[in-house]
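Novice: Mind looking over this structure? Questions follow.
In the working numbering, the protein residues as written are 455 to 588.
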């Protein structure tokens, strides 16, 4: 059973590395404001996430009711523990890259909104009417 879980984790590592690569590409596209490429890569990222979810469900079916941490703690195989550590490290890198990309996107949206407000100011008159209201 441990061999099957090792194989499952190795497959997850491959998908995680591909996902991290896609997130790095997304970061480049955000930095250089390449919107069409961003649309394309968003679809690819979604596909990789679905593939990762399928791999994770297969692994969870192998483990059963126990959590992955419990299983790894009870396992005697050093290679299994190192593979699990690699998976957790990759997940941390992916989370960091995703948060960075989200922050850049939010900054770009904020900048665009401010520029649009400057270019297209509010058209209502800035004076008060007879009732003391705008």
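Glycine is no exception: its CB is placed at the ideal position from the N, C-alpha and C atoms.
Where does residue 578 sit, in a helix, a strand or coil, going by DSSP?
Specialist: Of the three classes helix, strand and coil, the one that applies to residue 578 here is coil, per DSSP.
Novice: Quick check: the Cα distance between residue 557 and residue 510, rounded to an integer number of angstroms?
Specialist: 27 Å
Novice: How far does the alpha helix (DSSP H) with residue 530 in it reach, from first residue to last?
Specialist: Residue 530 -> no alpha helix (DSSP H), and no H or E assigned at all.
Novice: Contact defined as beta carbons within less than 8 Å: I believe residue 467 pairs with residue 541. What is the distance between those atoms, to the nearest angstrom?
Specialist: 6 Å
Novice: In its own chain, which residues sit with a C-beta less than 7 Å from the C-beta of residue 460, not counting the 5 before and 5 after it?
Specialist: 533, 534 and 537
Novice: Measure the Cβ-Cβ separation of residue 502 and residue 544 and say whether it is below 8 Å.
Specialist: no
Novice: Between the C-alpha atoms of residue 525 and residue 517, what's the straight-line distance to the nearest angstrom?
Specialist: 8 Å
Novice: Leaving out five residues on either side along the sequence, give the residues of the same chain with a beta carbon under 7 Å from the beta carbon of residue 483.
Specialist: 491, 492 and 495
Novice: Would you kindly work out how many angstroms separate the C-alpha atoms of residue 566 and residue 559, rounded to a whole number?
Specialist: 10 Å
Novice: Tell me which residue opens and which closes the alpha helix (DSSP H) that residue 483 is part of.
Specialist: 456-485
Novice: Which residue comes first and which comes last in the alpha helix (DSSP H) that contains residue 493?
Specialist: 489-517
Novice: Please name the residue, chosen from 515, 486 and 469, that lies closest to residue 458 on a Cα-to-Cα basis.
Specialist: 515
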